[in-house]
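In the working numbering, the protein residues as written are 14 to 538.
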């Protein structure tokens, strides 16, 4: 079995046309990239700390330590002690009155509340804001978490409002509230559509389990679009009540698939924010956010219904008017929120982005930079070694020259893409059984160097496409490209890996899809 990797300039697969040409294998000294400090200097909270400037600091200036044994402390005179305790709502300081310790609130608490109206209002506002933040936001999260929560608020409010209107429409379609409704038939239809939805959810998750790791953002957004469309289908049930079971089942299947994707990807998203390994706290706060934001959506839907309660025709047509608007806002919130999710796990696409930036600029990008480059889209391709699409002599030579010490080989391919079946070229990385993470990084790095070499010789490669096979002179040139690219990859691998670890990349494993996990076996006969 072979595992193959397509890449292209825009979709991050090795497909032509490639990016703008660069010089071929110029001697480049890797530019050491000073890793960005991922951990901001944190102010110690809920613990003892040095005074933070809430009062003048006379008498507690910093004195450099004197070498040698410390002098025995003398009995302290009455006054302030250089220890401050900060909590979310107040700041306290220890005082010594000559006989006992006292913990006195010096800022933010009720004991220090000023009778000046403006000052008191500011302190009260700060106290309320701090309490709300502690209620919704974990103590230690990455800097992009607040942006994610803002977009989550937008998404959950409008999504919840749409679900209320959709449920109301389905109840109207099934006949609940009308004298002609048959309770047993309504219950049977409801149970059937739920059962079909859950069965489809099991089939979907069983067939696409690895995709939740390798294409998390794409799957999350595409299933969110599916969820939004399912609400639109549910809104149609009052218009076609005779097809209630069919429409409700289709909608519920889509909603169950979307729910499966939401649950499967949530852990990885929350883990990306938990910089202090506080995944439990982040998950708990996320549930609080979801409940509160959904309740706001329920309130919005209730207000709309109350405003139109005296006009049944307008109330029935309301969902069709606001559905496009609410759906657009909902999907926009999801899309923007995913852009603020910076995953540290390595997939083939993320690793290729890292390697391209490394080759061009000599440094390893941070997860935030890769997230911006990665984007959220629908289209991607999976590598598949197809003998009909190979350049026979180049593929033969790659296989022939592989040895028992090699855990991958690289060959070229011609394939057809799009409706018009346009011919394009690709670079394939084939992995052997037992290939380690270092072998995968090494192979993909070498493939990126090969692409860089072919960029400056585009006409040479296109001539191979026209001829249909490789001449002896071309084979010699190809062998030289392979050897040069391998030397460059071996030279860079150690420093590259060190910088990746320094920036927080989870470089222990490369997450590959089911197709990409296929391997070939080496037979030495």
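The beta carbon of each residue, even a glycine, is placed where N, CA and C say it ideally should be.
What would DSSP say about residue 541, mapped onto helix, strand or coil? The structure shown does not extend to residue 541, since the chain spans only 14 to 538, so no value can be given for it.
Let me confirm a value: residue 501 is counted as buried when at least 16 other C-beta atoms fall within 10 Å, else exposed. Which label applies?
buried
- Using 10 angstroms around the beta-carbon of residue 320, count the other beta-carbons present and answer buried if the total reaches 16, otherwise exposed. exposed
**Study point:** residue 351 vs residue 234 beta-carbon contact at 8 angstroms
**Key:** yes
Buried or exposed: residue 211, going by 16 or more other Cβ atoms within 10 Å of its Cβ?
exposed
Closest residue to residue 510 among 532, 450 and 497 (Cα-Cα distance):
450
With distances taken from CA atoms, which of 495, 330, 448 and 309 is nearest residue 170? 309
Using the C-alpha atoms, what's the distance from residue 520 back to residue 394? Legend: pLDDT at residue 394 = 46, less than 50; position of this residue unreliable, value from coordinates given subsequently. Their Cα atoms are separated by approximately 23 angstroms.
- prompt: Under three-state DSSP, which class holds residue 397?
  reply: Bear in mind that the predicted position of residue 397 carries a pLDDT of just 44, short of 50, making it unreliable; the figure below should be weighed with that in mind. If DSSP states are grouped into helix, strand and coil, residue 397 belongs with coil.
**OP:** Find the nearest neighbour of residue 302 within the set 138, 173, 243 and 524, judged by alpha-carbon distance.
**Re:** 173
Put residue 230 into one of helix, strand or coil per three-state DSSP.
-> helix
Between residue 523 and residue 357, what straight-line distance do the alpha-carbon atoms span, to the nearest angstrom? 11 angstroms
Mind listing, in chain order, the continuous beta strand (DSSP E) runs of no fewer than 3 residues lying wholly within the stretch 432-465? 435-444
Task: the stretch 108-118 contacting the stretch 243-259, beta-carbon criterion three pairs below 8 angstroms - done: no
> Between which two residues does the alpha helix (DSSP H) containing residue 263 stretch?
Replying inline: 257-286
Handout entry: Residue range of the beta strand (DSSP E) that includes residue 303
Key = Segment 292-320 is the alpha helix (DSSP H) holding residue 303; no beta strand (DSSP E) there.
| request: Give the C-beta separation of residue 155 and residue 286 to the nearest angstrom, bearing in mind that I take them to be a contact with Cβ-Cβ under 8 angstroms. | output: 5 angstroms
Item checked: Continuous beta strand (DSSP E) stretch holding residue 108: start and end -> 104-109
TODO: Rounded to whole angstroms, what's the CA-CA distance from residue 122 to residue 103? Just pull it up for me.
DONE: For residue 122, the pLDDT reaches just 48, beneath the cut-off of 50, and the residue's location in the model is therefore unreliable, leaving the point undetermined.
Helix, strand or coil at residue 250 according to DSSP, with G and I counted as helix:
coil
Nearest neighbour of residue 167, chosen from 185, 341, 98 and 415 [CA to CA]: 341
Less than 6 angstroms between C-beta atoms, sequence neighbours within five positions excluded: which residues of the same chain meet that for residue 346? 164, 167 and 168
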